[in-house]
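Structure first, then comments.
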Amino acid sequence: MSNDVTVSKQEKKQSLNKIDWLSFLEKYRVVLIFFLLCIVAGFLSDAFFTTSNIMNVLRQVSIIAIIATGMTLVILIAGIDLSVGAVMAFSGAILAGVLTAGLPLWVAILASTVVGLLFGLVNGVIVSNFGVPSFIATLAIMVIARGMTLVYTKGYPLVVSNEAFRFIGSGRIFGIPVPIIIMFVIIGLMFWILRYTSFGRYIYAIGGNEEAAILAGIRVRSIKVAVFGIAGFLSAISAIIYTSRLMSAQPTAGTGIELDAIAAVIIGGTSLAGGKGGVIGTLIGALIMGVLDNLLNLMNVSPFYQNIAKGLVILIAVLIDSRFSKLKRS
Amino acid sequence: MSNDVTVSKQEKKQSLNKIDWLSFLEKYRVVLIFFLLCIVAGFLSDAFFTTSNIMNVLRQVSIIAIIATGMTLVILIAGIDLSVGAVMAFSGAILAGVLTAGLPLWVAILASTVVGLLFGLVNGVIVSNFGVPSFIATLAIMVIARGMTLVYTKGYPLVVSNEAFRFIGSGRIFGIPVPIIIMFVIIGLMFWILRYTSFGRYIYAIGGNEEAAILAGIRVRSIKVAVFGIAGFLSAISAIIYTSRLMSAQPTAGTGIELDAIAAVIIGGTSLAGGKGGVIGTLIGALIMGVLDNLLNLMNVSPFYQNIAKGLVILIAVLIDSRFSKLKRS
Amino acid sequence: MEQAVLEMVGISKEFPGVKALDGVSIHVKRSEILALLGENGAGKSTLMKVLAGVHQPSSGQIKINGKEVSIHGPKHSQELGISIIYQEFNLVPHMSVAENIFLGREPRLITGVIDRRRLRDETRQWLEKVGLTALSPDTLLANLSIAEQQLVEIAKALSFESNIIIMDEPTATLNEEETEKLLNIMRDLKKQGFGVIFITHRLEEVEEVADRISVLRDGKYIGSESIKNITRHQMVTMMVGRELTDLFPKLQGPYEEPALTVERLSVREYLHDINFTIKKGEILGIAGLMGSGKTPLSKALFGLYPHKEGTIKVGGKTVNTPREAIDAGIALVTDDRKDEGLVLGMSVYENLLLPSYRRISSFGVLHKRNKEKIVDRWIKALNIKVHHSSVEVGTLSGGNQQKVVLGKWLQMDPDVLILNEPTRGIDIGAKAEIYQIMKELAEQGIAIILISSDMPELLGLSHRILVMSEGTITAELDKEHFDQETIFQYAAGGELHV
Amino acid sequence: SGKTEKEKGTNDKLKVGLSMNTLNNPFFVAVKEGAEAQAKERDVDIVVTDAQNDPGKQLADVENLLQQNIDILIIDPADSDAIAQAVKKANDSDIPVFTVDRQSNGGDVATHIGFDAIKSGNIAGNYMSETLGGKGNIVEIQGILGTNVGQLRSEGFNQIVEETPDFKVIARQSANFDRGEAMKVMEDILQANKEIDGVYAANDEMALGALAAIEAAGRVDEIVLIGCDAIDPSMDAIRAGKMNATIAEPPFFLGKEAVDTAIKISDGEDVEKEVILDSNLVTADNVDQIKTK
Ligand SMILES: Nc1ncnc2c1ncn2[C@@H]1O[C@H](COP(=O)(O)OP(=O)(O)OP(=O)(O)O)[C@@H](O)[C@H]1O
Ligand SMILES: Nc1ncnc2c1ncn2[C@@H]1O[C@H](COP(=O)(O)OP(=O)(O)OP(=O)(O)O)[C@@H](O)[C@H]1O
Ligand SMILES: O[C@@H]1[C@H](O)[C@H](O)CO[C@H]1O
Ligand SMILES: [Mg+2]
Ligand SMILES: [Mg+2]
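If you want it as C-alpha cells, here you go:
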C-alpha cells in the first residue's frame, strides 16, 4: 500500500528530467487533454479548425467562462454559488428594463452590475456573517432571484432595441469578437489578482485553513463577502453579454448554468475543498466543454446521443486526468 | 494534584439545566423549525391540518425523501451524487419497458432496482478507485443516464398498464398510502444501519477522517462504492413509486431533483464536509420543503411569488438554525 | 544476546528531493524501551511509518522475531503485532471516544452489528489505564482537549495488545503529570514483556524510562548506547553533532514601562477576572494544569473571543479582534499548529509570509523581492530543514512545521509575543536557538508571554510566573520564589499569593 | 376572518383551479394571463399552479388544488399520459375537469381545447416545401424531447419532409424551446454548413434565437426561417422581413377560452368533447390581420 500521498509537491524544482517532465504533465494535464480533444475534433470535422469556428467557440464559451471565473474564487474559499444563473437572469432583466425605460446605456449597465454585485454581497453576508452553508444560502437566493425575475418580467422576454448595445455581444475589435476580449481581460485580471495581491493570497489561505487565516489577522469575513460579491458582479457581466447577443433579456437565462460553471472549475483542477486551483484551469475546463458541444453539433450527432457522448468524453477527460496525477505520484 | 484531566468535561455534565436545554435545542433545532412552520401553516390555512392533507404532503415528500436518504449517506462520506435524478428516470424507463414487454411485475421491479444499483456502483468505482471528484463523476453519469433514457424511450413517456402496479404509488395499507410506508421503512432501516452497524459507523469515520479510517484498516474503497450503490438503488425505489403514481415513465423524470435532495440533506443538518449528520434530519429537511410547497399552494400564492416566498422561508429557516447553534456556542 | 522482537536493517527511504532515511538499522528486544532520538527532520517518524506500513522503504529489511517480513499496509502491520501512536493524531472528530479506540475492530453482536455495551465497557477499561477515569466513552472526540486526545490515542494503541508499541512524541502535548502517568504505563508494558520504541525530545524522560537509545541524524544511523553508559550531555552531542552549552541563556532584567495590561478579563466559562501587567523586556511564564485556561487566555489576549469582558491594552490601544491585536503589535504562536497555525497545503514560503502580506504590499500588490529576502532569513535563522521554500509545509517534519509557525510571527517584529507551547516537538539544538532568540528579543524590549507545560523551560526562562487554575490566576511568583513544588501547589487550586 | 372569506368564496363565486405544466415559457405565461384576464372579466376566482415541467409535481399540484374546494379544474398537462392519474383523482372527488393545449390519455375529461401539434408541424413543412420549391438543405430545431408537443411537431414536420424527396435534413438538434440554446445550436450549424436553405424551429423563442445567430452570420437572406406560436417579437421579425413565417396558436385566446368553457360547464351547459382551435400560418401577407390577444 502506498500511502505516500503527499509526496507529489516536493519535487517541483530539483532532480531528474524525467521527473520534471512528469511535473509538467501533472501541472498542465488539463491543457494536454484539451489539446488532445482539439486534435480529435480537427480530424472529425473540417469545419472545426477554421478561424470563424474558433471565434465562434470562444464567443460561446465567454459567458460561462466569465461566470466560472467568479465561481473559481468562491470554490477557492471552499464555498459554492448556486445563484449565479438566476442572478444573471435578474441582472439581464434589469438591464433591459432600464434600457426600455429610455435611460442611457451606461446607466443600464451600471444598474445591472450593481444588482449583480448586491446579490453577491447578500450571499456573502449570509454565508460569512451568519454561518449558513453556502450551498443552501445561495440555493435560497437562487430561488428568490428567479422569482424576482419572473415577477419583474411577468414571465416574458424583454426586448432591447438600443442598437449601440448590440456591439457588446456582436461587435468586433480588430476582428476579435468583443465577448472574447471581455473574457480574456477578466480572466487575466483575476489571474493577476490571485497571484500577486494580498487579497488573492488570502483567498487561498482561507480555503486552505480558515482558522489559521483568522489567526493571521486576515479579515476573513470581509474577504468572503468580497468573493461572493465578485461572483455576483461577474454574473451581471455575463448577463450583459448574453442580453446583447440575443438583444432581449430572457427570464430563463442561465438556468442550470451553475452546474456547468462548477464543472468547468473542477475539470480545470480547482478542488471543491478549497485552497487549491486557479482561473486558467477554469478557462480550459470551460473550453473543453465548449469544444465538446461545438463538435457534437458540427458533427450533427443526434440530440439523444449527444448527452451520452458528452458525458463519456467528460468522464474520459477526468479519468485521464486522475491517471496523470497517479502516474506522477508513483 | 491527582484531580485529573477531565475537569472541564465533568463540569459540563453536572452543570445547569439551562445548558441542557440549549443542547436539546441545538440537537433538535430543525425539528423545532419544522413544528414552527407547521403551526404557522395551520393558522394560515384551514385545509392544512386535515388528515387527507397530511397524507397528501407525506406522499408527495416520499419520493424526494427516499432519494435524499441515499444522498445523506453519500454526503456523509463527503461525496455528492448529482446523478440521482437521471438514474431515477432511467430506472423508471426500464421498469415500464419490462412491464410493457409483458414480463411479470417482480421482474420489472428487480430489473429497475438492479439498474439503479449498477449506476450507483459505477459512480462509486469511478470515485473511489480512480479518485475522480464525485461532483464531476456523477455529473458525467447524470448526463449519460439522461441520454440513455432518451435513447431508450425515444423521448416519449412509456405508459404502464399493469393495474396491480398501481398499488405501489396509489394504494393504502391500513389507510396509509403505500409510498409513505415505504419511505418510513427505508428511513428507519437506514437510521438503524447508520447507528448500530459497523458499516454505518465506518461511513461516519470515512467522512470524518478518511486517513484515520484507512489506517484503521477499514476497507474505505468498498464502503464508498457501497454507499454510491445504495444511493443508486434508492433512486430506483423512488422511480418505482413515481412511475406507479403516474402510471407512466417520464423521460424527464427527476430533472433537478438532485438539488432538492441535497437541500433537504443540508437543511436537515448533515454537513457537506462529511462525517456529521443523519437521515432523520434529512426527513425533516424534506418535510420542511414539502410543507412549504403545500402551504403556498393552499394559500394560493401566485406562482411567480411562490419562488420568492419559498426562498425566503428556506433562508429564514437556516438563519434561525445558525442562530440556535450560535446560542449554544456562547 | 537475546533475540530482538524487532529488527530493521539498512532501511532507506527517499521522498522526491529528500533522502529521509539512509541505511538505518535499529532493533528492540522484549521488555526493552528503546528511545529513538534525533533532531527535527532526522527521519524518526519516517522510520516508524515504514514499520507501520504507511511508507514502503526503498531498500532494507525488517525482521520480526527473527523472521523477515514485508509490511504491506497499516492493517498488516497491526496483524504483525505492531501498534503505533502517530505524531499527528489520527482520530475521527465526530465519533465517540469508544468508537475511535475500536475503529475497525468493534465488538460485534452478530456480523456487522456492533455490541455497543461491550464497546463501552472495554473502552472504560482502556481509558482507566491512561488515567481518563472520569471520561465517558460516549463523549465526542471533538469535545476533548489536545492532551485528552493524545491520551485517547495512547489508549487506542494499548488496546491492540501488540508485542511492539511505537510512540512518536506522545508526551509533546502532555503536561508533567500526564507524562508521569504515561511513563508509568511504559514501565508497566516493559514488565509485561513488550518492546517499546519511544520518540521524544525531552531527554529527562529518556533518562527516566529508556533502557537504550538509538540516534539518527540527517536520515543516517549515528549509534546506539545503553542508558547506563551515557550522559545527557553525550546524548545531545550525538544528536546535534556538536557541543551544546547552556540551554537557558542568562536573562537581563525587564524594563520599567508596561507593554500589555489586562484588566478584569473574563470569557464565559474559560476565564474569570484576570488582571496582570507585563513589562517591556519581560518574559512572563504562565503555568497551570490542563484545562486551567492557559490556551483560552492566549486566545483572549489575541482578540479571538468577541464576547469577552474586561480590557486588554497595548500601548494605549485596546484589542478586540485578531487584526487589532496584530496592529497593536501582538503575535500569537498557537499550540495547535495543524488546525490553527499553518495552512498545510500552502508552501513554507507563503506560510512564513501570511501575516506579513499587509506590510509588504502597496495597495494590495505584493513585492516579490521583499518576499524572498524574508523567507530566506527565517529558514536560515531557525534552521528549518527544507530543501526549497516552495515545498508544501504539510510534508515537513513536525518540529520543522513548528519552526515555520514561529518564524512567521517573529517576522512581524512584535512588541508582545505570546508563545503557547512554542517548543512542542522541537529538538534540543533548535530549542537552544529559540531560547537564545527569546533572550535577544527580550533585551530589545519585547514582552514575551510564555505558556508552557515544559517545567524546566518555564523555570529557566521566566522573569515571573503566573499560575492558573480553573480560569483564574491563583499565584504570581517572582524568580526568587518559583520552583516546581510551589507551582504545582497553586496549579492544583491553592490560594492567591501576593 | 379567513373562514368567512372562504365561505363567501365557495358560496358566491365560481372557483376555478388551473394547473399549468410550466410558466418558464412565454407561451404558457400567456395562457395563464388569458385565463386570468377572462376570470376577472367574468368575475370568477382562479387558482393557478406551476408544475415546472414535472408531471410528478403536477400530480401533487392537482392534489393540492383538490384540497381547496375548487369547483372545476383546468389542466395544461406536462405530459399527456402521466396526467391521466391526476384526472382520475379529480374524477374520484367529483370535480369536473378538462384539459387545454395538451390532452390527457385517460380519465374522464369534460372536454379538451387545444391545437393540433401534428397539424402545426405539417403546416410548417408544407410552407417550407412551397417556398423552397420542394428542394433544399433543411435544418430542424426541436423542442424539449420528452414532451409530446416537442415530439409531435417534429413528427408533423417530418411527415412532409419525407414526402419531399429533394429535401435534405442537414441538421436536427434540440434547443429545449429556449432562445439562448437555439442561438448556440444555430451558430454551430452555421459553421458546419455552407449551404442552408430552410430552418424550422418548433417554437418562436427558438426561431428568434436562431435568427440572432443567422443575423450575426449575415445569412438572413439565404435562409427561410419558420417558427411557431405567433408571439409578438416574431410577428415583428416577420414584418421586418427577417423571419418568413410562424404558426398562430395564440395562447392568450386559449386561456380565455378555457375560462369561458369552465363557466359553461359549471352552468350545466353542453360543451363539445373536443375543441381544436385553428392553427393558422402567419406570413408577411397576413401578419397584420392576425389577432393574438
Ligand atoms: N510525506 C513526505 N513527503 C515528503 N517529504 C517528507 C514526507 N515525510 C517526511 N518527509 C521529509 O523527510 C524528512 C524526515 O522527516 P521525519 O518526519 O521523519 O522527521 P522526524 O525525525 O520525525 O522529525 P521531528 O522530530 O520534527 O518529528 C524531513 O526532511 C521531511 O521533510
Ligand atoms: N468546556 C470546553 N468545551 C469545549 N472546548 C473547550 C472547553 N474547555 C476548553 N476548551 C478548549 O480546549 C482547548 C484546551 O483548553 P484548556 O482549558 O485545556 O487549555 P490549557 O489550560 O491551555 O491546557 P493545555 O496546557 O493542555 O493547553 C482550548 O482551545 C479551549 O478553547
Ligand atoms: O405549444 C407550446 C408552445 O409552442 C411553446 O412555445 C412550447 O411548448 C408547447 O407546448
Ligand atoms: Mg517526527
Ligand atoms: Mg493549551
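Keeping their order, the protein sequence lines are chains E, L, B and S. In this text, residue positions in the first sequence follow our numbering: the first is 198, and each later residue adds one. In this text, residue positions in the second sequence follow our numbering: the first is 198, and each later residue adds one. In this text, residue positions in the third sequence follow our numbering: the first is 61, and each later residue adds one. In this text, residue positions in the fourth sequence follow our numbering: the first is 283, and each later residue adds one. Using N, Cα and C, we set each Cβ at its ideal position, and we do this for glycine too. None of these values were measured; they are calculated from a predicted model.
heavy atom of ligand 1 below 7 Å from residue i C-beta
{"i": "S105 (chain B)", "result": "yes"}
{"i": "K476 (chain S)", "result": "no"}
{"i": "K445 (chain B)", "result": "yes"}
{"i": "A102 (chain B)", "result": "yes"}
{"i": "D487 (chain B)", "result": "yes"}
{"i": "V78 (chain B)", "result": "yes"}
{"i": "Q210 (chain B)", "result": "no"}
{"i": "Q147 (chain B)", "result": "yes"}
{"i": "F75 (chain B)", "result": "yes"}
{"i": "N150 (chain B)", "result": "no"}
{"i": "N529 (chain E)", "result": "A question about residue 529 (chain E) goes unanswered here, because the residues of chain E that appear run from 198 up to 527."}
{"i": "G98 (chain B)", "result": "yes"}
Whole-number beta carbon distance between residue j and residue i, since they are thought to touch under 8 Å
{"i": "N320 (chain E)", "j": "F245 (chain E)", "result": "That belief does not hold up - the Cβ atoms of N320 (chain E) and F245 (chain E) are roughly 38 Å apart, past 8 Å."}
{"i": "S301 (chain S)", "j": "A321 (chain S)", "result": "Not quite, the Cβ-Cβ distance comes to about 15 Å (not below 8 Å), so this is no contact."}
{"i": "E477 (chain S)", "j": "D460 (chain S)", "result": "Actually they are not in contact, since the Cβ atoms of E477 (chain S) and D460 (chain S) sit about 26 Å apart, beyond 8 Å."}
{"i": "G537 (chain S)", "j": "A372 (chain S)", "result": "Not quite, the Cβ-Cβ distance comes to about 19 Å (not below 8 Å), so this is no contact."}
{"i": "R383 (chain B)", "j": "V465 (chain B)", "result": "The Cβ separation is near 19 Å, so there is no contact."}
{"i": "S288 (chain L)", "j": "S309 (chain L)", "result": "4 Å"}
{"i": "G487 (chain E)", "j": "V254 (chain E)", "result": "5 Å"}
Contact test: residue i Cβ vs ligand 4 heavy atom, cutoff 7 Å
{"i": "S457 (chain B)", "result": "yes"}
{"i": "P228 (chain B)", "result": "Reading off the sequence, residue 228 (chain B) comes out as Asp, not Pro. Because some heavy atom of ligand 4 lies under 7 Å away, the Cβ of D228 (chain B) counts as near it: yes."}
Inset, instruction - Would you mind listing the beta strand (DSSP E) stretches within the region 469–519 of chain B that are 3+ residues and don't spill past its ends, in chain order? - result: DSSP runs (the beta strand (DSSP E)) wholly in the region 469–519 of chain B: 476–480 and 507–511.
Legend entry - At least three beta-carbon pairs within less than 8 Å, the region 463–475 of chain S to the region 429–442 of chain S: Taking 8 Å as the limit for Cβ pairs, the verdict is that the region 429–442 of chain S does not touch the region 463–475 of chain S.
Legend entry - Contained alpha helix (DSSP H) runs [length at least 4] in the region 364–408 of chain L, N- to C-terminal order: The qualifying runs are 375–393 and 395–405.
Legend entry - Inter-stretch contact (C-beta, 8 Å, three-pair minimum) for the region 353–363 of chain E and the region 432–451 of chain E: Contact annotation: the region 353–363 of chain E touches the region 432–451 of chain E, with at least three C-beta pairs closer than 8 Å.
Inset, instruction - Assess, as a yes-or-no matter, whether the region 324–344 of chain E is touched by the region 496–509 of chain L under the definition of 3 or more beta carbon pairs within less than 8 Å. - result: Taking 8 Å as the limit for Cβ pairs, the verdict is that the region 324–344 of chain E does touch the region 496–509 of chain L.
Legend entry - Contacting positions in the region 303–324 of chain S - beta carbon closer than 9 Å to chain E: Of all residues in the region 303–324 of chain S, those with a C-beta nearer than 9 Å to a C-beta of chain E are L305, N306, N307, P308, F310, V311, A312, K314 and E315, reading in chain order.
Inset, instruction - Decide if the region 310–320 of chain E is in contact with the region 421–436 of chain E; the criterion is three or more beta carbon pairs, one per stretch, under 8 Å apart. - result: Of all C-beta pairs linking the region 310–320 of chain E to the region 421–436 of chain E, three or more are shorter than 8 Å, placing the two stretches in contact.
Legend entry - chain B contacts from the region 409–423 of chain E (Cβ-Cβ distance under 8 Å): Flagged, chain order: A409, A410, I411, L412, A413, G414, I415 and R416.
Legend entry - the region 530–540 of chain B in contact with the region 360–367 of chain B per 3-pair CB rule at 8 Å: Contact between the region 530–540 of chain B and the region 360–367 of chain B is absent, because fewer than three Cβ pairs lie under 8 Å.
Legend entry - Interface positions of the region 476–498 of chain L facing chain S (Cβ-Cβ less than 8 Å), listed along the chain: When C-beta distances to chain S are compared with 8 Å, the residues of the region 476–498 of chain L below that value are D490, N491, N494, L495 and N497, in chain order.
Inset, instruction - Answer yes if the region 492–499 of chain E comes into contact with the region 449–456 of chain S, meaning at least three C-beta pairs across the two stretches below 8 Å, and no otherwise. - result: Contact between the region 449–456 of chain S and the region 492–499 of chain E is present, because at least three Cβ pairs lie under 8 Å.
Inset, instruction - Please determine if the region 389–403 of chain E and the region 386–393 of chain B are in contact, where contact requires at least 3 C-beta pairs separated by less than 8 Å. - result: Taking one beta carbon from each stretch, the region 389–403 of chain E and the region 386–393 of chain B have fewer than 3 pairs nearer than 8 Å; the two do not touch.
Inset, instruction - Report yes or no: do the region 563–570 of chain S and the region 525–545 of chain S share at least 3 C-beta pairs separated by less than 8 Å? - result: Touching, per the Cβ criterion.
Legend entry - Stretch-stretch touch, CB-based, cutoff 8 Å, three pairs: the region 411–419 of chain E with the region 371–380 of chain E: No, they do not touch.
Inset, instruction - Say whether the region 173–191 of chain B touches the region 221–234 of chain B, bearing in mind that this needs 3 or more beta-carbon pairs closer than 8 Å, one atom from each stretch. - result: Between the region 173–191 of chain B and the region 221–234 of chain B there are fewer than three C-beta pairs closer than 8 Å, too few to call the two in contact.
Legend entry - Unbroken stretches of the beta strand (DSSP E), 3 residues or longer, contained in the region 382–435 of chain B: Complete beta strand (DSSP E) runs here, min 3: 390–393.
Inset, instruction - Decide yes or no for the touch test of the region 93–106 of chain B against the region 73–81 of chain B: beta carbon pairs closer than 8 Å, at least 3 of them. - result: The region 93–106 of chain B makes contact with the region 73–81 of chain B; the number of CB pairs closer than 8 Å reaches 3 or more.
Legend entry - Length at least 4, wholly inside the region 226–257 of chain B: the alpha helix (DSSP H) runs in chain order: Taken in chain order, the complete alpha helix (DSSP H) segments of 4 residues or longer contained in the region 226–257 of chain B are 236–251.
Legend entry - Proximal residues, the region 145–164 of chain B versus chain L, C-beta separation under 7 Å: Flagged, chain order: N150, L151, V152, P153, H154, M155, E159, L163 and G164.
Legend entry - Contact between the region 289–297 of chain B and the region 464–481 of chain B (3+ Cβ pairs under 8 Å): Taking one beta carbon from each stretch, the region 289–297 of chain B and the region 464–481 of chain B have fewer than 3 pairs nearer than 8 Å; the two do not touch.
Inset, instruction - Give, in chain order, every residue of the region 348–360 of chain E whose Cβ lies closer than 8 Å to some Cβ of chain S. - result: Here the close residues are K351, G352, Y353, P354 and V356.
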